[in-house]
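Shown next, in structure tokens, is the structure this report addresses.
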Ligand code: GLP
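Numbering (our numbering), first residue to last: 760 to 995.
Structure (structure tokens):
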């Protein structure tokens, strides 16, 4: 594991973007595992800047997102598909047909989970997975639990997660109670993982995840077992 500590969010974003750009130089049709949340926004901004400056090409990139809220259609501005379009896909030359986000409104959510796992498999797996971390140690929407999950599944969101994400919704009752998420097994099978966290609110949990006991109570702690993990933490 490489643990990079930086002072500012700008540095975190620049370093993370550099790792992604290096990956794309090595393999232009990389499968990127993408994350939402506020943490990677600066990284995506750096990628957009690189593209605008003619220094990045996303035309062959394939992407799979970690998760989506259940019951939120992609046209809703709180959906993770909407987030990805707004913060990255609409601003670079990625082919939208090559971007994937699990559907939170599939009639048969079990079938959607199976479809998503098969899709990731058919792409040959994930080359580089970007992750944020929840205040409770979740990755994707894999909440603290008694066991580490394997494939894509539907989860009931932890109250701490709903509280943290409430800032994006008008009222608490609008915050979804369920989500569909890629499983820990799939995340762990990515070739390379880049875990990002910033600010005081994440300091304790990132240290617990990276140096603490490996336990499904802190889902991100499993990442200690990955042999190509980079963690970037910024104080601010
Ligand atoms: C959501 C997402 C996670 C993300 C987390 C942290 O719960 N499902 O993938 O890591 O939020 O978000 P933030 O970066 O806004 O703190």
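A virtual CB, placed ideally from N, CA and C, is assigned to each residue, including glycine.
Bear in mind the structure is a predicted one, so any value in this text is a computation, not a measurement.
Within the stretch 802-885, ranges of the alpha helix (DSSP H) (whole runs, at least 4 residues):
Listed in chain order, they are 839-846 and 868-881.
Residue 961 Cβ short of 8 Å to the ligand GLP heavy atom set
Numbered from 1 along the chain shown, position 202 holds the residue referred to as residue 961. Indeed, a heavy atom of the ligand GLP lies less than 8 Å from the Cβ.
Name the one or two DSSP bridge partners that residue 937 has.
Counting from 1 along the chain shown, the entry for residue 937 is found at position 178. Paired residue(s): 915.
Quick one: give me the first and last residue of the beta strand (DSSP E) that residue 778 is part of.
Here residue 778 refers to the residue found at position 19 of the chain shown. In the DSSP assignment, residue 778 falls outside any beta strand (DSSP E) and within the unbroken alpha helix (DSSP H) covering 768-785.
Residue closest to residue 822, alpha-carbon to alpha-carbon, out of 989, 804, 779 and 956
Against the chain shown, residue 822 aligns to sequence position 63. Among 989, 804, 779 and 956, the Cα nearest to that of residue 822 belongs to 779.
Taking just the CA atoms, how far does residue 768 sit from residue 969?
Within the chain shown, numbered from 1, the residue matching residue 969 stands at position 210. Within the chain shown, numbered from 1, the residue matching residue 768 stands at position 9. Straight through space, the alpha carbons of residue 768 and residue 969 are spaced by roughly 19 Å.
Quick check on residue 931: buried or exposed, where buried means 16 or more other Cβ atoms within 10 Å of its Cβ?
Along the chain shown, one-based indexing puts residue 931 at 172. Burial is judged here by how many other beta carbons sit within 10 angstroms of a residue's own beta carbon; residue 931 has fewer than 16 and is exposed.
In this structure, does DSSP put residue 927 in helix, strand or coil?
On the chain shown, position 168 is the one that residue 927 refers to. Looking at residue 927 - three-state DSSP - the assignment turns out to be helix.
For residue 865 and residue 834, what's the separation of their Cα atoms in angstroms?
Stepping through the chain shown from its first residue, residue 865 is reached at position 106. Stepping through the chain shown from its first residue, residue 834 is reached at position 75. Going by the C-alpha atoms only, they are around 14 Å apart.
DSSP three-state call for residue 901: helix, strand or coil?
Within the chain shown, the letter at position 142 stands for residue 901. Strand, per DSSP.
With 16 other CB atoms within 10 Å as the buried threshold, where does residue 956 fall?
By one-based count along the chain shown, residue 956 stands at place 197. Counting other Cβ atoms within 10 Å of its Cβ, residue 956 reaches 16 or more and is therefore classed as buried.
CA-CA distance, residue 947 and residue 774?
Here residue 947 refers to the residue found at position 188 of the chain shown. Here residue 774 refers to the residue found at position 15 of the chain shown. Each residue's Cα considered, the two are about 22 Å apart.
Spatial neighbours of residue 786 within its chain, please: C-beta separation below 7 Å, excluding the five flanking residues on both sides.
By 1-based counting over the chain shown, the position of residue 786 is 27. Here the set comprises 886.
Once you ignore the five residues that flank residue 908 on each side, which residues in its own chain have a CB closer than 6 Å to its CB?
Counted from its first residue, the chain shown places residue 908 at position 149. 901, 942 and 943.
Residue 969: first and last residue of the uninterrupted alpha helix (DSSP H) it sits in
For the purposes of this step, residue 969 is identified with residue 210 of the chain shown, where counting begins at 1. In this chain, the alpha helix (DSSP H) harbouring residue 969 covers 959-970.
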